[in-house]
Each structure stands twice: as C-alpha cells, then as structure tokens.
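In UniProt numbering, the protein residues as written are 1 to 471.
Dropping the structure here:
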C-alpha cells in the first residue's frame with residue numbers, strides 16, 4: 001500500500017512539474033515516459049489510472065515536444081482505450097489520447113495512432129484507432145493530406161482497410177474520413193496525382209456506396225445504432241455504452257475473483273476496487289460478487305489475501321454506507337468479520353496488522369447496530385490467539401452502540417460475558433480481555449445491575465469472579 005502511495009505521489013509530481021517546469025521534463029522526456037508507461041500497466045487501478053491521466057497532462061503541457069515518444073505512448077494508451085473489460089480505464093485512456101492528439105504534430109499523431117491500432121485483432125482497439133484517425137484528419141485538414149504524397153500513401157490504404165472492415169464500428173469512421181477528404185474541391189485532381197489507380201477505384205466505390213445509402217449523414221445514424229465508440233468529446237458513447245460495460249465488468253470481476261490462478265485473482269481485486277470507486281451501488285447489488293470478494297480476504301495465497309485487505313480498506317469510503325443500509329450486504333457481515341478475524345492468529349505480521357486495521361476501520365465506518373450481531377458472532381467463534389484483540393474491539397463497539405441501542409448491546413454482549421467467565425481461556429491475555437469486557441459492561445449498565453443479572457446466570461463462585469474482575 002505504501003509503495004502504491006509513493007507511486008501516486010511521484011506521478012502527481014510529474015504532472016505538476018510538466019506544468020511548472022516543462023523544460024526539465026522535456027530534457028528527461030524519454031526516461032519520464034518509460035516510467036509513466038510502466039505504471040499504466042500497474043495491477044492496482046488507482047495507480048494505473050493516475051498514470052494514464054498523467055500521460056495526457058504531460059502531453060498537454062509539452063505540446064509538440066511529445067512527438068518523439070508518440071509511438072510508444074500510442075501503443076500503450078490505444079490498448080487501454082480498447083479495454084472492453086474496464087469502462088473507466090477505457091475512458092481515461094481515450095481522454096488522454098484526445099489530449100495527445102491535440103498536443104502533438106498532426107503527422108506524428110497520425111503515424112503513432114495508425115501504427116498502434118490499425119492492424120489490431122481487437123475490434124474495440126481498431127474502432128478507437130479509426131475514430132482517432134478521423135479526428136486527426138479533421139484537425140489536419142483535407143488539403144494537408146491530399147497535397148502530401150507521403151501522408152496520402154500512409155493514410156489512404158488504412159482508410160480503405162477501415163472502410164472494408166468486418167466491424168461496423170470500424171467501417172463507419174473509415175468511410176467518414178474518406179467522405180471528409182472527398183469534399184476537398186481539388187480531391188479528384190490530387191487523388192489522380194498522388195494515389196494509385198487501384199486505390200482511386202476502391203475509394204470511388206466506397207463513396208458511391210455511401211451516397212447510395214443516404215450520404216454521410218446516414219453513417220452517423222448507423223454509428224449511433226451500432227453503439228460504436230464515438231469520437232472525442234461525445235457524451236453519447238458514455239450514456240449508451242456504460243450500462244453494458246458495467247454489467248460486463250460485474251460478471252467478469254466475479255469470474256476473476258474466483259479464478260484458479262492467483263494473478264487473475266489479483267486482477268479481479270484491482271477491478272473490484274475500481275468498480276467500487278465509480279459504481280458502488282452496482283457492486284452492492286451483486287451479492288455473489290461481494291461474497292467472491294470476501295472469499296479473497298481468506299485467500300490461501302498470502303499476496304492475494306494482503307491485497308484483498310488493502311482493497312477492503314481502500315473501498316471502505318464508498319461502500320461503508322451500503323454495508324449499513326443494503327439488506328443483502330448486511331447479510332454478509334458475518335462472513336466479512338469471520339474472514340478478518342481469522343487473520344488475527346496468522347503467522348504473518350503483515351496479515352495480522354492489516355486484519356487489525358480492517359476491523360478497527362469497520363467499527364469506525366459501518367453502522368454500529370448493523371455490525372453488532374456479526375461482531376458478536378466473530379468474537380464468540382474466535383480462538384485463543386484471536387480473542388484478546390477481537391474482544392477489545394468488541395468492547396469499543398459496545399461503548400459506541402450503547403448510546404443509541406442500549407437494549408441490543410445488553411442482549412448480545414451479556415451472554416458473551418457469561419460464556420467468557422464460565423469457559424474463558426486461562427492465559428493472561430484472555431483473562432485481561434474478559435476483564436475489559438466485564439468492566440465495559442459494568443460501566444455501561446452499572447455494577448449493581450450487572451451483578452444482579454449475573455445471579456441468574458452464574459454460580460456463586462463465578463459471580464465472585466465477576467465481582468473481582470470489575471473491581
């Protein structure tokens with residue numbers, strides 16, 4: 001977790017430096033870009049997304065100085081922009097590519113985008129590539145392409161390829177680009193001068209087909225109906241595509257959380273964290289997904305278990321209220337507390353520390369009355385090594401909950417006290433924990449009432465033991 005925070009701080013520093021000291025960043029651009037691109041591939045989404053955004057910020061602040069690194073950047077960002085499994089990373093990458101295209105020299109941007117995505121086997125990447133190519137051509141202007149034999153020979157075969165693609169999401173921007181070029185008043189003359197006869201024939205056939213189907217306006221409506229990736233700045237894509245992507249994410253995250261390979265389970269945790277930060281209600285509605293996540297808290301792979309507890313902490317801000325209010329999440333609180341309590345007897349100091357932190361944060365964040373039954377069950381089930389800490393935290397929970405629900409605290413906590421006195425472990429730490437519970441309840445209920453209640457539950461010797469504990 002600390003390593004992740006250091007990386008986030010480093011990325012934020014680069015963003016700031018690119019604005020305040022652009023020359024310093026430009027002088028070390030190659031090393032800076034390599035470092036950022038490495039973090040774009042980070043398993044932890046909070047780091048990956050910041051790295052993706054940082055690339056866009058650096059490009060925006062350095063303008064054409066970014067040209068030298070265009071191909072490397074486009075290769076990574078276009079791949080992220082075509083990530084069908086994560087709508088949020090896809091949107092971040094698209095935004096950064098938008099900034100990159102506007103900042104770089106149009107020719108360099110066009111070359112970088114084409115090399116990165118034109119021949120991809122991924123439909124979404126090709127679609128994203130085709131849309132960006134259309135945007136760059138629009139920015140650059142038709143005459144700049146048609147008057148430059150090198151530029152035309154570079155882009156025309158790609159546009160023809162796009163216009164004949166099997167996917168309508170790729171064909172549409174390809175055809176739109178050819179239609180844009182055809183509106184140049186010198187289009188036919190410049191095509192005859194700078195393009196091959198075979199390419200000219202194919203382009204004419206494509207344009208004739210578009211005209212036959214209703215012209216360029218029909219392409220826009222076809223694109224909308226097909227649900228294609230829209231061009232930069234369009235809000236239609238988000239509105240139309242996000243619900244489908246969201247559902248796809250929920251299903252795939254659950255599959256990855258339950259995967260046999262530990263690396264896939266790590267990826268599932270990273271995506272779970274990402275989803276919680278942006279669509280926590282969608283996550284909360286999927287009980288099977290929540291249960292799959294909780295199962296990772298007790299993962300047999302230590303690295304996965306640690307990552308799961310870190311993820312639990314990082315998602316607490318967005319999920320705490322839902323654990324308190326949603327019936328299906330309240331139902332899994334027992335599983336959650338059992339999973340965290342299990343780590344209190346771990347041989348790993350890291351696991352013990354994380355589990356303690358998770359339990360403390362749970363008590364601070366989740367509504368107390370909802371949490372009380374689950375914490376009571378976890379405390380009752382705890383073993384010799386787990387009980388001292390979990391019982392101390394249970395006492396804190398009782399103090400806080402007693403202010404609003406005194407009767408519920410008495411109903412749940414008193415049987416636990418009687419059981420601890422009757423059957424409590426004999427070691428020093430557990431005796432101290434039982435004493436803490438006794439003193440806590442004596443303070444909340446009053447010593448006299450506690451001893452009166454004990455008369456019906458404890459024999460004289462054990463009642464005397466209780467008396468000694470609270471004195």
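Quick reminder that beta carbons are idealized off the backbone N, C-alpha and C, glycines included.
Owing to the predicted nature of the structure, the values given are computational and were not obtained by experimental measurement.
Identify whether residue i lies in helix, strand or coil by the three-state DSSP scheme.
i           : result
residue 44  : coil
residue 347 : coil
residue 202 : helix
residue 31  : helix
residue 385 : coil
residue 473 : Within the shown structure, residues of the chain are numbered from 1 to 471, placing residue 473 beyond reach of any answer.
residue 21  : coil
residue 67  : helix
residue 332 : coil
residue 105 : coil
residue 157 : helix
residue 10  : helix
residue 259 : coil
residue 474 : This structure does not reach residue 474, given that the chain is present from 1 up to 471, and the question cannot be answered.
residue 484 : Outside the displayed range of the chain (1 to 471) lies residue 484, so it cannot be described from this structure.
I need the straight-line Cα distance from residue i to residue j, nearest angstrom please.
i           : j           : result
residue 26  : residue 45  : 27 Å
residue 137 : residue 174 : 11 Å
residue 194 : residue 201 : 14 Å
residue 349 : residue 391 : 19 Å
residue 260 : residue 280 : 26 Å
residue 172 : residue 208 : 15 Å
residue 413 : residue 444 : 11 Å
residue 291 : residue 466 : 40 Å
residue 387 : residue 337 : 13 Å
residue 264 : residue 7   : 22 Å
residue 307 : residue 50  : 19 Å
residue 393 : residue 436 : 10 Å
residue 329 : residue 296 : 16 Å
residue 188 : residue 110 : 23 Å
residue 418 : residue 368 : 22 Å
Tell me which same chain residues have a C-beta within less than 7 Å of the C-beta of residue i, skipping the five on either side of it?
i           : result
residue 298 : 305, 339 and 342
residue 96  : 52, 53, 55, 56 and 77
residue 225 : The predicted model places residue 225 with a pLDDT of 39, which falls under 50 and marks its position as unreliable; any figure quoted below should be read in that light. Nothing listed; no residue qualifies.
residue 213 : none
residue 313 : 357, 358 and 361
residue 178 : 159, 163, 203, 206 and 207
In chain order, what residues of the same chain have a beta carbon less than 6 Å from the beta carbon of residue i, not counting five sequence neighbours either side?
i           : result
residue 94  : 81
residue 355 : 340, 343 and 344
residue 74  : 112, 113 and 116
residue 130 : 162, 170, 173 and 174
Can you tell me where the alpha helix (DSSP H) holding residue i begins and where it ends?
i           : result
residue 82  : Counting along the chain, residue 82 falls outside any alpha helix (DSSP H), and DSSP gives it neither H nor E.
residue 317 : 302-325
residue 131 : 123-140
residue 148 : Segment: none, residue 148 is in no alpha helix (DSSP H) and carries neither H nor E.
residue 463 : 460-470
residue 472 : Here the chain has residues from 1 to 471 only, and residue 472 is not among them.
residue 177 : 168-182
residue 411 : 406-423
residue 452 : 447-455
residue 118 : Per DSSP, residue 118 belongs to no alpha helix (DSSP H) and is neither H nor E.
residue 269 : 262-278
residue 295 : 287-297
residue 193 : 187-194
Identify, in the order they occur along the chain, each residue of the same chain with its Cβ nearer than 8 Å to the Cβ of residue i, setting aside the five sequence neighbours on each side.
i           : result
residue 333 : 323, 366, 370, 371, 373 and 374
residue 69  : 29, 30 and 33
residue 107 : 140 and 151
residue 62  : 18, 22, 25, 26, 29 and 103
residue 288 : 254
residue 422 : 458 and 462
How close, in whole Å, do the beta carbons of residue i and residue j come, if the pair is a contact with beta carbons under 8 Å?
i           : j           : result
residue 24  : residue 17  : 6 Å
residue 455 : residue 416 : Incorrect: roughly 18 Å between the Cβ atoms, too far for contact.
residue 126 : residue 167 : 7 Å
residue 117 : residue 128 : 6 Å
residue 43  : residue 311 : 11 Å between Cβ atoms; not a contact.
residue 142 : residue 180 : 6 Å
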